[in-house]
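Reading through the structure tokens given below for one structure.
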Amino acid sequence: MIEVLSWVSLCTGVGFTLLGCIGLVRFPDLYNRMQAATKCVTLGTCGIMLGIFLKTGFCALGVKALVCALFVLITVPVAAHALARGSLIFGVKLWKGTVKDEFTDDRGGESIIDDK
Amino acid sequence: MTRRLAYFVMGFVVWMLLVYTLHYQEVIAGAGVALLTAAFFGQYLPVKPSRLLNPVRWFWLLVYIPVFSYMCLKCNIDVALRVLSPGLQIRPGIVKIRTSLKTEIARVFLANSITLTPGTMTVELKDDVLYIHWIEVGSSDMATASKAIIGPFEYFLARIFD
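Chains A and B are the protein sequences, given in the same order. Going by this note's numbering, the first residue of the first sequence is number 1, and it counts up by one from there. Going by this note's numbering, the first residue of the second sequence is number 117, and it counts up by one from there.
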């Protein structure tokens with residue numbers, strides 16, 4: 001039973017990581033790509049770690065995998081936030097289909113929505 | 117001082133989980149490293165140590181984990197469908213929302229939770245205002261947008277950290 005669960009968890013993890021990578025190629029601008037790249041991959045990594053934990057149980061390897069999953073969960077959003085904020089302030093263009101950008105409006109800068 | 121003590125205990129627990137053995141050499145090394153980090157960084161602990169011992173907060177944290185996992189999985193499937201759909205079904209934009217959370221640590225956790233649920237990503241956190249990159253802008257109105265994005269999290273985070 002636990003063997004099956006661990007395989008389900010591992011395969012879900014790998015599947016979401018793959019979807020994240022496809023999103024990285026398909027989405028049009030940096031911010032949308034970051035959405036796919038950081039989140040689907042985070043869930044994927046956590047799924048893989050959980051699968052390892054279920055496979056090995058409470059031993060040095062399994063518990064390490066769980067702690068790693070926790071670290072990934074805490075650090076990835078901070079890194080994504082820092083990258084996105086830096087790119088916005090630096091002026092990396094938003095995709096032309098972007099509906100609104102209240103961040104640049106409130107800072108009083110020129111619109112950075114791509115007009116091509 | 118209590119801050120440093122709390123930091124030492126947390127660091128030591130993480131060390132013991134990482135090595136996962138009770139061999140005396142590992143325990144001594146862990147205690148030494150935890151002592152050093154606590155001495156240098158203990159003052160930066162962002163929570164009041166008294167709050168760490170409140171069981172009601174821990175209970176809400178335990179409730180929050182399955183709620184967050186469910187939200188995360190639901191939104192992940194949503195984004196996965198967007199990735200796979202042929203016509204690129206996105207309507208991105210950056211919206212501004214306001215949170216009612218008071219403490220800094222609660223706001224940081226709110227921003228992290230928003231970033232981890234796909235479709236939304238915090239790009240700036242300034243006092244009680246958050247700027248969110250939203251992959252499918254549902255509503256331009258601030259109140260409706262706030263409710264849609266942070267509604268499920270705020271209730272729990274207020275009970276855990278505030």
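Just so it is clear, CB atoms sit at the ideal spot from N, CA and C, and this is done for glycine as well. Being a predicted model, the structure only gives us computed values, none of them experimental.
Chain A has a Cβ within less than 8 Å of the Cβ of B:R207. Residue contact with chain B for A:R85: present (Cβ-Cβ distance below 8 Å to some residue of chain B).
Taking C-alpha positions only, B:K164 is separated from B:Y136 by approximately 28 Å. By the Cβ rule, the region 24 to 42 of chain A counts as touching the region 76 to 85 of chain A, because three or more pairs are nearer than 8 Å.
When C-beta atoms of the region 260 to 270 of chain B are compared with those of the region 124 to 131 of chain B, fewer than three pairs fall below 8 Å, so the two segments do not count as touching.
Residue environment analysis places A:A82 among the exposed positions, since fewer than 16 neighbouring C-beta atoms fall within 10 angstroms of its C-beta. By the rule that beta-carbons nearer than 8 Å mark a contact, A:L88 touches chain B.
Listed along chain B, the residues sitting closer than 8 Å to A:C59 by beta-carbon distance are Y136. Selection A:E110, A:V72, A:L94, A:G91 evaluated against A:T45 yields A:V72 as nearest (Cα-Cα). The beta-carbon separation of A:D29 and B:K212, rounded to 20 Å, does not stay under the 8 Å limit for a contact. If you compare the alpha carbons of B:N170, B:I193, B:L273, B:T231 with that of B:E220, the shortest gap goes to B:L273.
Within the region 203 to 235 of chain B, the residues whose Cβ lies closer than 9 Å to any Cβ of chain A are, in chain order, L204, I206, R207, P208, G209, I210, V211, K212, V224, A227, N228, S229, I230, T231, L232, T233, P234, G235. Counting the other CB atoms within 10 Å of its CB gives B:A196 a total of 16 or more, which places it among the buried residues.
The beta carbon of A:W95 sits closer than 8 Å to some beta carbon of chain B. Secondary structure note for B:Y136: it is in no alpha helix (DSSP H), with a DSSP letter that is neither H nor E.
Under the Cβ criterion of 8 Å, B:V125 is not counted among the residues facing chain A. Under the Cβ distance rule, A:F16 counts among the residues neighbouring chain B, one pair being separated by less than 8 Å. Within chain A, the residues E102, F103 have their CB atoms less than 7 Å from the CB of B:Y247, given in chain order. Counted as a single uninterrupted DSSP element, the stretch harbouring B:R214 is not any alpha helix (DSSP H) but the beta strand (DSSP E) occupying residues 209 to 214. In this structure, DSSP gives B:W250 an extended state, which the three-state scheme calls strand. Using a Cβ-Cβ cut-off of 8 Å, A:D106 counts as an interface residue toward chain B, since at least one Cβ of chain B sits closer than that to its own.
Shown in chain order are the members of the region 32 to 57 of chain A whose Cβ falls below 8 Å from a Cβ of chain B: N32, M34, Q35, A36, T38, K39, C40, T42, L43.
For the region 127 to 177 of chain B, the continuous alpha helix (DSSP H) assignments of 4+ residues that do not extend past its boundaries occur at 140 to 157, 165 to 168, in sequence order. About 26 Å separates the CB atoms of A:L70 and A:Y31; that is not less than 8 Å, and the two are not in contact. CA-CA distance, B:T153 to B:A222, rounds to 24 Å.
In chain order, N228, L232 make up the part of chain B whose C-beta sits under 9 Å from the C-beta of A:L73. Taking C-beta separations shorter than 8 Å and ignoring five residues to either side along the sequence, the partners of A:D101 in its chain run L94, S111, I112, I113, following chain order.
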